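Those protein sequences? They're chains L and P, same order as listed.
In terms of the numbering used here, the first sequence opens at residue 4 and continues consecutively.
In terms of the numbering used here, the second sequence opens at residue 145 and continues consecutively.
No residue lacks a Cβ here, since even glycine has one placed at the ideal position from N, Cα and C.
From a predicted model like this one, the values you see are computed outputs, not experimental measurements.
What follows is a short report on a single structure.
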Amino acid sequence: MIINSRFFNRSELIGFIALAAILFVILPLTLDVFRLNLVAKYLTYAFVAIGLVLCWGYGGILSLGQGVFFGLGGYCMAMFLKLEASSVENTKIQSTPGIPDFMDWNQITALPLFWQPFHSLTLTILLIILVPGLFALIIGTAMFKRRVGGTYFAIITQAIAAILTILIVGQQGYTGGINGMTDLRTLKGWDIRPDHAKVILYFVEVVLLFACIGIAQFIRLTKLGRILVAMREQEDRVRFSGYSVANFKIFAFCMAAVFAAIGGAMFALNVGFMSPSFVGIVPSIEMVIYTAVGGRMSIFGAVWGAILVNFAKTSLSESFPQLWLFGLGALFIAVVLAFPNGLSGLWADYVQPRIDRLWASRKSKSEWADTSVADGAPAE
Amino acid sequence: MSDETKQGLQSPFRRKLLMGMAALPALTMLPRPSFGAGPATSAVNTTGLAVTDTEVTVGILHSATGTMAISETGSIEAEKLAIEQINAMGGVLGRKIKFIQEDGASDWPTFAEKAKKLLVNDKVASIMGCWTSASRKAVLPVVEQYNGMLYYPTFYEGLEQSKNVIYTGQEATQQILAGLNWIAKEKGAKTFFFIGSDYIWPRTSNKIARKHVENVLKGKVVGEEYYALGSTQFNSVINKIKLTKPDVIFTDVVGGSNVAFYKQLKAAGVDLSKQALLTISVTEDEIDGIGGENIAGAYACMKYFQSLDNPNNKAFVPAFQKMWGEKTVIGDVTQAAYLGPWLWKLTCEKAQSFDVDKIAAASPGVEFKGAPEGYVRIHENHHLWSKTRVGRAKLDGQFELIFETADLVEPDPFPKGYQ
Chain L
4 MIINSRFFNR
14 SELIGFIALA
24 AILFVILPLT
34 LDVFRLNLVA
44 KYLTYAFVAI
54 GLVLCWGYGG
64 ILSLGQGVFF
74 GLGGYCMAMF
84 LKLEASSVEN
94 TKIQSTPGIP
104 DFMDWNQITA
114 LPLFWQPFHS
124 LTLTILLIIL
134 VPGLFALIIG
144 TAMFKRRVGG
154 TYFAIITQAI
164 AAILTILIVG
174 QQGYTGGING
184 MTDLRTLKGW
194 DIRPDHAKVI
204 LYFVEVVLLF
214 ACIGIAQFIR
224 LTKLGRILVA
234 MREQEDRVRF
244 SGYSVANFKI
254 FAFCMAAVFA
264 AIGGAMFALN
274 VGFMSPSFVG
284 IVPSIEMVIY
294 TAVGGRMSIF
304 GAVWGAILVN
314 FAKTSLSESF
324 PQLWLFGLGA
334 LFIAVVLAFP
344 NGLSGLWADY
354 VQPRIDRLWA
364 SRKSKSEWAD
374 TSVADGAPAE
Chain P
145 MSDETKQGLQ
155 SPFRRKLLMG
165 MAALPALTML
175 PRPSFGAGPA
185 TSAVNTTGLA
195 VTDTEVTVGI
205 LHSATGTMAI
215 SETGSIEAEK
225 LAIEQINAMG
235 GVLGRKIKFI
245 QEDGASDWPT
255 FAEKAKKLLV
265 NDKVASIMGC
275 WTSASRKAVL
285 PVVEQYNGML
295 YYPTFYEGLE
305 QSKNVIYTGQ
315 EATQQILAGL
325 NWIAKEKGAK
335 TFFFIGSDYI
345 WPRTSNKIAR
355 KHVENVLKGK
365 VVGEEYYALG
375 STQFNSVINK
385 IKLTKPDVIF
395 TDVVGGSNVA
405 FYKQLKAAGV
415 DLSKQALLTI
425 SVTEDEIDGI
435 GGENIAGAYA
445 CMKYFQSLDN
455 PNNKAFVPAF
465 QKMWGEKTVI
475 GDVTQAAYLG
485 PWLWKLTCEK
495 AQSFDVDKIA
505 AASPGVEFKG
515 APEGYVRIHE
525 NHHLWSKTRV
535 GRAKLDGQFE
545 LIFETADLVE
555 PDPFPKGYQ
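Here it is in C-alpha cells:
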C-alpha cells in the first residue's frame, strides 16, 4: 500500500525530530508546570488541526464544525470525571446526593439513562471514539452520498455546531448548560489536579499526539492519501475512474472527527473543565484558523499553528488585556494575506531551500536532484 | 438629571464638604500615606505571596472583551477606584496595593486559566473578579486548589459557600424575598408571571420566588418562561402576559436581551405605570442600553441604587464619575465590586496578615462603614449582611428609592424550604 518507501522524507524527518525534541525534552525542562499545562491545552487543538489537514488540506472537505467533535469527545470524558467527582460523599449537601451538582439545581432526582455508561472508564474511552465517529459517519453519509460538498457542506457543519450548542445550553439539567461541567477532580481515584499529575498528563498527551501524527502520515502515504488529493483536485475524474468518492470523503471526515474527539477528551483531563463554548461556531472557525496559519497541507505545520496561535492568544491577553483581540486579528490577516500556505509554506519557500543548499554542498549532485523535488512539494 | 441635582448636590462646595465628611472616619485610621511603615514582611506573609516591604499585589480578573465586557467594565472601574483610594490613604498594612489585570474574555475556561496564572505565577494576595455564575464556577476549583482569595461582586443564585470566596453581592433569597413581600403587600399582588434567561441564576431565583409566592404569600404563579441568553424575540411571552393578566411580571432576563424585552413590551401596549413589573436583573447599567423611556415605572429589587441618599454614596458617586467620566452610571454590581478591595483591606488589618488562611478565618464580622450602600458586615458564611431595596425606574435612567428593609437581611445561601 505504501507508495513511498520511506515513511518520512528528509525535511519531514527534520520536522519530526524538531517537534519531538521540543515537546518531549525542551519544553518540560524549561517551562514551569503552569506553562506546561498551558502547552498541553494548546496541544489539544493540535489534534483537531491534524484532522483538518487530512480532511481539508488533503481531502478538500472544509468542515466548520470540528468543535462539535471536539466537544463530544470532551463531554464524554467530562461526564466520566464528573460522575466520579459527584460521589455521595462529596455531594452530601444536595437534596439528592450522588448525582452531579447541576442536576440537583435543576430538580432532577435520578441519574438519566444516557449517563449510566459513564460509570465505566473502558466504556467511556470507547465512547470518546465511537460517539463522534458515528456522528461523523451519519453526517458524512447523509451529505456525501447526495454529493453535497464545498460551501454547502461547510455551512451545514456550521449549523450543526450551532444546534449542538443550543441543545447543550438548553438541556442544562442533563448537560450543565452554559456553565459546562466544572470541578472535575479524579480519574479512577487518581487526582488530576496537582502538579505532578499535570506533567504526567502532558506526556500522555504528547504520546497520543505523535500516534495521531503517525496515523495521519500513514494515511497520507498510502494509496488512500493519493486518492484524497486526486479527489480534491478533480473529483469527477476520480469518480469516472471507478472510485466511490463519497466513501473516501466519509472516511476522511470520520478520521478528522475522531482526532478532534481525542483532543477534546485530553482537554477535559488537562483543563479539568468542559463547556459549550468549545462546541459552537466561533471555536470551530478558530480551529480552522489554527490549521490555516500553520499550513493546511502540512501535518507538522498544523501542530505548530495550534501551538503558536494559542500561545499568542495567551501572551497578548496577558500583556494587553483591553486590546489583545485586535492584535490577534491583525496577526491572522497578516498571515493569511502574506503567506497563504501558512507557516509551513513560509518554511518551504524560504528556510528549506537554504538547508537544502547547505546539504547539497556536502552531498553529491545526483542525490540533491533526487530529494529536491519531494521537498519542493511537501504537501503531497 | 435636573431632578437629581436639586435633591442632593446643590453646589460644588456642598459636594466637597460631603466628600470630606465621608473621608473623616478613614483619616483617623491611617494618618499619613507613606509606604513601608507596616509590620515586617516575614510576619504578615508566611505563604510566599507577592508581598514586599512596600507593596502587595492583587489580581483583577474580569472580561474586558467579549459579550460580558459591557457589564464587567463597571466592576473593573470600581475596583481600580477602591484600590486608588486605599493607596491614597496609606495602603494595606503599610503597603501600596499593586494590581495585575487579566482578561477573562467572556470565556469561562479563560477565566480559570487566568485565575491560575494570577495565583501560581503572580502569587497575588487576593483576586477581585468574575461576574457570571459560569465564570465563578470555572474559577472556584482553581481558587480552592491553590488556596487563593476571591472577592466576587455579582448578585447570584446561592447554593455555594467556600472558604476561599467572599461574596460581596446578594445571594438569591436576600435579593428576592423582601421585594416579593413588599410588592405583595403594597400592590396586593396574588398572581405572578416569571420570565427569565435560561441559565442557572434565573432558574434558581425563580425556583426560590415560586416557593415563596406559593407557600408564604399564598399566591399563584400563572406562567414561567425561559429564553436563551441573547434572545431578542419576546412577542409570544408578551401575548401570554396579556392573556393571563398577572398582578406582577417578575423578570430575571439578563444582558442585551433586556433591550428587546422592554421595547417589545412597550410596543405591545403594556404600560408599566399600571402593570407592576419587578425585575432583579436590571441595574442603571442595563437601563443605559434599554433607554429610560422604555422601562420607566418598573420596579427593581436589589441592594444599591446610584441615587441612594447617604453620605457614603454622596462621596462615592462623584469620585467614581471624576475618575471614569461624568456620564458613567453605577449599578448594583459595580458598587458590590467597590466593596471587594475595601473588605479585603479591612480583613488584612484585622488579621494583621496577608495569609489566605488567616484572611478567611478573620473575615466573619468584618464591617465596612464606608460602603456606598450604607453599611455591610461579613457573615460566617462569607456572604454579606446587607439591606434589600426596591427602586422605581425613572425616565432619566435612575431609580427612585421606594422601599428598603428596616434591618440588614441575613444571607442564607442554602435556604431551607426553598430548595
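Coil, strand or helix - P/G273 by DSSP: strand
Span of the beta strand (DSSP E), counted from its first residue to its last, around P/M446: Y443 to M446
Residues of its chain near P/L168, where Cβ-Cβ distance is below 8 Å and the 5 sequence neighbours each way are ignored: Because the pLDDT at P/L168 is just 49, under 50, the model does not fix this residue reliably, and the point stays unresolved.
is_contact[P/I344, chain L] using C-beta, thresh 9 Å: yes
The stretch 302–316 of chain L / the stretch 74–83 of chain L touching (three or more Cβ pairs under 8 Å): no
L/D352 - DSSP class collapsed to helix/strand/coil: helix
Backbone CA spacing between P/S530 and L/L212 [nearest angstrom]: 53 Å
Residues within the stretch 320–343 of chain L neighbouring chain P, beta-carbon criterion of under 8 Å: S320, E321, P324, Q325, W327 and L328
Status (buried if at least 16 other CB within 10 Å, exposed otherwise) for L/F117: exposed
Cβ pair P/I271, P/V287 closer than 9 Å: yes
Three-state class that DSSP yields for P/S341 in the structure shown: strand
Sequence-distant residues of the same chain with beta carbon closer than 7 Å to L/L130, five excluded per side: C79 and P120
Neighbourhood of L/Y48 by C-beta, 7 Å cutoff - its chain only, sequence neighbours within 5 removed: G266, M290, Y293, A309 and N313
Selection of the stretch 260–285 of chain P by Cβ proximity to chain L, strictly under 8 Å: K260, K261, V264, N265, S277, A278, K281, A282, L284 and P285
Interface residues of chain P facing L/L41 [CB-CB closer than 8 Å]: E257
Proximity winner among P/Y370, P/K258, P/E301 and P/V473, relative to P/G582 (alpha-carbon distances): Residue coverage of chain P in this structure runs from 145 to 563, which leaves residue 582 of chain P outside it and unanswerable.
Expected contact under 8 Å - CB spacing of L/I53 and L/A305 to nearest Å: 6 Å
Integer Cβ distance of P/I393 from P/Q419, believed to fall under 8 Å: 7 Å
Runs of beta strand (DSSP E) wholly within the stretch 180–239 of chain P (minimum 3 residues, chain order): 199–206
Own chain residues within Cβ distance below 8 Å of P/R239, not counting five before or after: F179, G180, G182, V195, T196, D197, T198, E199 and V200
Contact residues within the stretch 261–288 of chain L, judged by C-beta distance below 7 Å to chain P: V274, G275, F276, S278 and S280
Three-state secondary structure (DSSP) of L/G54: helix
Contact belief for P/E246 with P/L205 at Cβ below 8 Å, rounded distance in angstroms: 5 Å
Backbone CA spacing between L/V248 and L/A263 [nearest angstrom]: 23 Å
From P/H527, P/A550, P/A537 and P/V534, residue whose alpha carbon lies closest to that of P/D556: P/H527
Boundaries of the beta strand (DSSP E) in which P/Y370 is found, first to last residue: K364 to Y371
Beta-carbon proximity list for P/K560, same chain, < 7 Å, skipping 5 on both sides: none
Top-ranked residue by Cα proximity to P/Q319, from P/A282, P/D396, P/F243 and P/E470: P/D396
For L/F323, the three-state DSSP class (helix, strand or coil): coil
7 Å CB neighbourhood of P/D251 in its chain, flanking five on each side removed: G210
Alpha-carbon to alpha-carbon, L/L32 and L/A24: 11 Å
Contact list for L/V172 against chain P, beta-carbon separation under 9 Å: D342, Y343, A372 and L373
C-alpha gap between L/S20 and L/R240, whole angstroms: For clarity, residue 20 of chain L is Ile in the given sequence; the question names Ser instead. Between L/I20 and L/R240, the C-alpha separation is close to 38 Å.
Residue range of the unbroken beta strand (DSSP E) whose run includes L/Y61: Run containing L/Y61: none; DSSP gives neither H nor E here.
Exposed unless 16 or more other CB atoms sit within 10 angstroms - verdict on L/W193: exposed
P/Q245 - partner residues in DSSP beta bridges: P/I204
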